[in-house]
Amino acid sequence: MGVALRSYQEINEKIKKGKVVVVTAEEVIELVDKKGIEKTAREVDVVTTGTFGAMCSSGAMINTGHTKPRMKISEAYLNGVMAYGGLAAVDLYIGATQVAKDDPLNKIYPGEFKYGGGHVIQDLVAGKDILLEAYGYGTDEYPRKKLITWINIKDLNQAYLFNPRNAYQNYNVAVNCSDKIIYTYLGVLLPHLGNAGFSSAGQLSPLLNDPHYRTIGVGTKIFLGGGVGYVAWQGTQHDPGVERNDKGIPKGGAGTLAVIGDMKGMDPNWLWGLSVRGYGCSLAVGLGVPIPVLDEETLQYCAVRDQDIEAPIIDYSNAYPNGTGEVLGYVNYAELRSGKIHHSGKEIPTSPISSYSRAREICSILKKWIQDGDFILTQPTLALPNTESDVHFRNLAERPITNNANGIRR
Amino acid sequence: MVSTKKVVLHFPREAVERPVVCDLALRFGLTFNILRASISPHHEGLMVLEIIGENTKNEEGLKYLQEKGVEIQPLSQDIKKDDQRCIDCGSCLGVCPTSALYMDKKSYQVIFEESKCIACELCVLACPTRAMEALF
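Protein sequence lines correspond, in order, to chains P and H.
Residue numbers for the first sequence, in our numbering: 734 to 1143.
Residue numbers for the second sequence, in our numbering: 19 to 154.
Structure, rendered in structure tokens:
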């Protein structure tokens, strides 16, 4: 680590006094162009980052309060969407991609997936009444077996977002090499490399501004869904060891964050239920992370530009579904964001999927919160596993099931 | 003056089986480009046409179609973008064949230029918030 410029405590003192200097991940690029790294690092205390896009591994934990007589819910539906009840009596978890129970799915291909967990979460946060239908098997202390009622977020004991994997550090660029249209979580992909879908806020994205997880760790306070949240853990599939370019930026999906935050302070404008044609339901999550400029190196990483970040082009008609690992090539985010990329002598129009304008807005909101003294930074209590750790992404090694002589499976 | 007009033609059941669109060329000397069509015998039909020709001939041609029982709507009324539902993700951009949907390079917001739209409806398929709607 380079020469320390300031500590978390010093930054927080400045926030309380209203003297903190905050810039967004976009503004810092201009500043560095004008003044250089050294001077900018001395002037700027905090850089705000943000992203707004589909994050399927998201969900909400709610506690409905007890009924009279009591009930241990084992099966539950919120507006017809199944919530997981395999927890204590009235704790429920609803996942973003859970589809309404009467949805025709892909039986009429490509399915519309009109309403699912992501939509329930958005409606809950919007303060709308949600229909709860629940069943239990009945026990001595929890005799009730059936319940149907309206619930509202304001009456719930707890409602918190708990997203196992958000804010992917970089991601694939999806294309379709086949001769028919395909429907993926990276959008509708036209045949013969007809278009390309990508999903990262690039130079604004939190983990691309702190590629080695020097400041973002367990306990980092963040902007989540328009309210306040925290980094809870490394996200699922966190994979710091992905190949990196000479700037230290991973050349594909790498680090991820598990995040948590009180839904009662969130805003439906920043948690948006999605219906992804042919794929399913999801939730667009708004997430922003402040990066304290502890030293020059931190700032150097925050000055990352779209042209420094490369992403792998992957064929979602074959290489992705079959897990072949084949990469067609790499493109950077400046090219992707220009609206077209070039590959195999073709000009391919691009679709961003993740909203750059909204990511930018999150950076600005977080900047304002910090400037106004409403948002104090937290020092992580545990670092995320970095390139030196032994955490790496594995595929499932399937083991065949065989019957032994007694017919017992092992 | 030569002009180009994009229209949506709704064919009632009775009109489906009469050859009327070809009359635009035969009787009025108009050129047309079929952008989209779904017309089957005994059912109501729909056709999106780009008609190119002299202004007066254009009008006469459309009037003729109306007399034959075809209902006519300007195309721009048929694909709508609901700005309240649009989150500016851009999922619709790469599939739009005419760049009627594009991203403003400064604000990074998605803009819909209705006059360029040919109503292929790919954006309706691609939009995850159902902000794009076809009103055929």
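Quick reminder that beta carbons are idealized off the backbone N, C-alpha and C, glycines included.
These figures come from a predicted structure and were not determined experimentally.
Asked: To which residues of the same chain is H/Gln84 closer than 8 Å at the C-beta, ignoring the five residues directly before and after it?; Found: Ile90
Asked: Please work out which residues of its chain come closer than 8 Å, Cβ to Cβ, to P/Asp1000, disregarding the five sequence neighbours upstream and downstream, and give them in chain order.; Found: Val858, Gly958, Gly959, Gly960
Asked: Sort out for me which residues DSSP pairs P/His1075 with in a bridge.; Found: P/Glu1080
Asked: Among residues of its own chain, excluding the 5 on either side of P/Asp1039, which ones have a beta-carbon nearer than 7 Å to its beta-carbon?; Found: Gly935, Gln936, Asn1065, Tyr1066, Ala1067, Arg1070
Asked: Taking the alpha helix (DSSP H) that P/Leu940 belongs to, which residues open and close that run?; Found: 939–942
Asked: In terms of DSSP beta bridges, what is P/Ile993 paired with?; Found: P/Phe895, P/Tyr963
Asked: Say whether chain P places a C-beta atom closer than 9 Å to the C-beta of H/Met19.; Found: no
Asked: In chain H, what lies closer than 9 Å to P/Val1064 by C-beta?; Found: Near P/Val1064 there are no residues of chain H at all, since even the closest Cβ is about 13 Å away, more than 9 Å.
Asked: Give the DSSP-derived three-state secondary structure of P/Asn928 in the structure shown.; Found: coil
Asked: List, in chain order, every chain P residue whose beta-carbon is nearer than 9 Å to that of H/Met121.; Found: Arg1070, Gly1072, Pro1085, Tyr1089, Ser1090
Asked: The segment 994–1015 of chain P: which residues have C-beta closer than 7 Å to a C-beta of chain H, in chain order?; Found: Trp1005, Leu1007, Ser1008, Val1009, Arg1010
Asked: Quick one: is P/Lys861 near chain H, going by C-beta distance under 9 Å?; Found: no
Asked: According to DSSP, simplified to helix, strand and coil, what is H/Gln91?; Found: strand
Asked: Kindly list, in the order they appear in chain H, the residues whose Cβ is closer than 8 Å to that of P/Arg1093.; Found: Tyr126
Asked: Under DSSP, the alpha helix (DSSP H) around P/Asn1137 begins and ends at which residues?; Found: Where P/Asn1137 is concerned, there is no enclosing alpha helix (DSSP H), given that its DSSP letter is neither H nor E.
Asked: Give the range of the alpha helix (DSSP H) segment to which P/Ala1052 is assigned.; Found: 1052–1055
Asked: Per DSSP, which residues does H/Arg54 bridge with? Please list them.; Found: H/Val66
Asked: Expressed to the nearest angstrom, what Euclidean distance is found between the alpha-carbon atoms of P/Asp1085 and P/Thr1114?; Found: The residue asked about is misnamed: residue 1085 of chain P is Pro in this sequence, not Asp. Going by the C-alpha atoms only, they are around 34 Å apart.
Asked: DSSP beta-bridge partners for P/Asp824?; Found: P/Asn796
Asked: Going by Cα to Cα distance, which pick from P/Arg739, P/Val736, P/Lys752 is closest to P/Asp1107?; Found: P/Lys752
Asked: Can you round the beta-carbon distance between P/Ser790 and P/Thr969 to whole angstroms, since I take them to be within the 8 Å contact cut?; Found: 6 Å
Asked: Taking the alpha-carbon of P/Leu880 as reference, which of P/Thr800, P/Gln1104, P/Ser933 has the nearest alpha-carbon?; Found: P/Thr800
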